Structure formats: structure tokens, C-alpha cells
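A short worksheet on the structure shown next.
Protein chains in written order, with my numbering: chain X, 399 to 633; chain G, 13 to 129.
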């Protein structure tokens, strides 16, 4: 039996190394660091006049590929629902309750507003600085993990999170439908582009990114809640 | 090719190989999921590395930096999507692992004998 275990390990290693060698051979054919942009060149140079976002990646994610991002948010929503469905069983029993000291509790209380503020800043400034709705939302959700670590009796407002999630998703779709109403195309920008590089610029990007940040934050918070509490009182 | 490029490519391959090895040989479901995550991160790194341009800067309009020096923003946008999907899939997979543990009382994939084919 023990011998068989080693056979499996060696076979697995051989397959992995063989595939890795083939991948490396293929990669060596691709010259590193050379310019091979086709469509991206157009995005970079036309984007300030078409989208008006200082962050080109955000312009692509939210504006040019906005429909794809809507699908991505939907995938996240389905995953959150799936987690809730799979782990929904007992009501309000917390897994792995933790004893924490005064240091952790006070630290969590001091850090909580700062963490929320950083997350908020990152998704509000998504069209100007690195970051955006997705990382910002994750940082906001991490504030909730902090609360769960520090306080044994803490319960996240699950129905409130559901409401926020729904409203944020609705805002994204409404912005898209406004494009249909005005120009006949889904997710066409109907808001003024504003001054390039200012907070209120880039058309619908700040609105959509705030919606995405709220949605990602509340969804991940919901996932954490479901994993720790299994159910919860508010449902 | 520069040495930096070789280093990045070797890093990508190492991550893919480590991830694949874990997925193929480990028995614990949670370890397999960790392996999948390493594999996915390696692929994401590969896509970003291919978009790099020698001496390029972040594709964000800043005073004093010409947009002609930007690196390719398209792979970065694609990877942003992939990372979020990765996180969602991982959360889903971990909750399935929790359910498996509840059903079988073990996380060892070889001891889950209820499924027969």
C-alpha cells in the first residue's frame, strides 16, 4: 500500500513536470517585453475622448467590456447564492467560536472605520487610480472578517446585505438600460464625460464602480457570514 | 530575450507545475483546492506577463508620462475578471467541501465511497 502511494506521487510529478516543460518550451517562443498590442493601442489613445477615465484598465473593464463585467458580477452573485444554499442548515450556530483578548477587540474597533474608508476610497476612485470596484469591495468585506474574528457574538445584518446587493445590481442594469433608451445600445454612456482626471468624470464609470464595489462587498460579506454562521437569525 | 523575462516564465511554469502536482497527488479536498488556486494564479500571472512591454509604465494617465509608454492594458482587464471568478469558484468549492465533510466525516477523496461508477 505504501509502495503504491509513491508510485502515484512519482507519476503525478512526472505528468506535471512534463506539462511544465512543454509550457516552458512554448513560452520561450514568445519574446518578453515587446509591444504586440493591436486593439489595446486604440483603447489607449482613443479612450480619453470616448470614455474619459484616467485609468485605462478601468475604461476597458467598465466601458468597453461593460457587458462582460455585468456577467462577471452575475457569476459572483450565483456563487454567493450557491454558498448560502449549500451551507444553509442550522440556524444561527457559529462555527469555531473564538476567545479573543481585549487587544484584538479594541484593535478591531479602531481599525474598522479605517478599513471601510480605504475600501470606499478605492472603489470611488476606480477610474483615476489603481484599484476599482472589485478590490475595494473585497477590502470592505474584510472589515467584516475583522469583526467576526474579534467578537464572538457579532452577527452581520444579513437582510441588509441582501438589500444592498440587490440595489447595487439594479443600479448597474438601470445605467445599462438608460443607454438603450437614449442611444439604442445597452451600456452606452449617457452621462457627461466631465474634466479628464477629476472625480466627477468618465461618464457612468464612477456610478457603476460604486455599484460594483457595494455589490462585491456585500456578496463577499454574505459568503463569510454563511460560512461562519450557517444560516443566521435574520432569515 | 531578457533574463527578467526568463525568470517570469520560469515562475509561471513553476506555479503551474506545483498546482498540477498538488491536484494530481493530494487526497485532502482542501489541499486540492489550494492546488487549484496556485494553478489559477500561475495562469493569471502568465497573461499579465505577456502584456508587459520593456520599460513600460502602468496604463494610467499621469502628468509627465506619455501614453505611448503604457503596457498593454487588455490582459490586465481580462485578469481582473479571472481573479474575481477564481475567488467565487473557490468559495463555492469550499462550501461543497464543507458539505462533503458533513456527509462522509472525512476530507479524504479516497474514502468517499458513496459514489460508484
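Quick reminder that beta carbons are idealized off the backbone N, C-alpha and C, glycines included.
None of these values were measured; they are calculated from a predicted model.
Check, Outcome
"Pair within 9 Å by beta-carbon distance, residue 36/G and residue 413/X", "yes"
"9 Å Cβ cutoff, residue 113/G in contact with chain X", "no"
"Per DSSP, the bridge partner or partners of residue 612/X", "Answer is none; residue 612/X lacks a bridge partner."
"Contacts that residue 104/G makes with chain X (C-beta to C-beta distance below 7 Å)", "477, 480 and 481"
"Strand pairing of residue 69/G, partner residues [DSSP]", "82/G"
"Neighbour list for residue 613/X in chain G, Cβ cutoff strictly below 9 Å", "Going along chain G, no residue has its Cβ under 9 Å from residue 613/X, so there is no contact; the nearest lies around 11 Å."
"Residue 601/X - containing alpha helix (DSSP H), residue span", "It is not in any alpha helix (DSSP H) - residue 601/X carries neither H nor E in the DSSP assignment."
"Check whether residue 610/X and residue 532/X have beta carbons under 9 Å apart", "yes"
"Residues that residue 134/G bridges to, as DSSP identifies them", "Past the edges of chain G, shown from 13 to 129, lies residue 134/G, and the structure says nothing about it."
"Reference residue 69/G; option with closest CA among 431/X, 462/X, 463/X and 473/X", "431/X"
"Positions along the segment 582-613 of chain X whose CB lies within less than 8 Å of some CB in chain G", "594 and 595"
"Interface flag, residue 521/X vs chain G, CB-CB below 9 Å", "no"
"Presumed contact (8 Å Cβ cut-off) between residue 518/X and residue 535/X, rounded CB distance", "Not quite, the Cβ-Cβ distance comes to about 10 Å (not below 8 Å), so this is no contact."
"Residues of the segment 85-98 of chain G with Cβ closer than 7 Å to any Cβ of chain B, in chain order", "The displayed structure is made up of protein chains X and G, and chain B is not among them."
"Status (buried if at least 16 other CB within 10 Å, exposed otherwise) for residue 125/G", "exposed"
"Residue-level contact to chain G via CB, residue 406/X, 9 Å cutoff", "yes"
"Local conformation of residue 433/X per DSSP, three classes", "coil"
"Residue 53/G: contacting residues in chain X (beta-carbon distance under 7 Å)", "None at all; the shortest Cβ gap to chain X is about 15 Å."
"Inter-residue Cα distance where the pair is residue 82/G and residue 71/G", "5 Å"
"DSSP state of residue 418/X mapped onto helix, strand, coil", "helix"
"Residue ranges of each alpha helix (DSSP H) within the segment 436-508 of chain X, 4 or longer", "437-448 and 464-485"
"Beta-carbon neighbours of residue 438/X, restricted to chain G and to distances below 7 Å", "84, 85 and 86"
"Straight-line Cα distance separating residue 530/X from residue 599/X", "15 Å"
"C-beta atoms of residue 96/G and residue 614/X nearer than 9 Å", "yes"
"Any chain G beta carbon closer than 9 Å to residue 484/X", "yes"
"Beta carbon proximity, residue 499/X to chain G, threshold 9 Å", "no"
"Where residue 20/G falls: helix, strand or coil (DSSP)", "helix"
"Interface residues of the segment 504-518 of chain X facing chain G [CB-CB below 7 Å]", "none"
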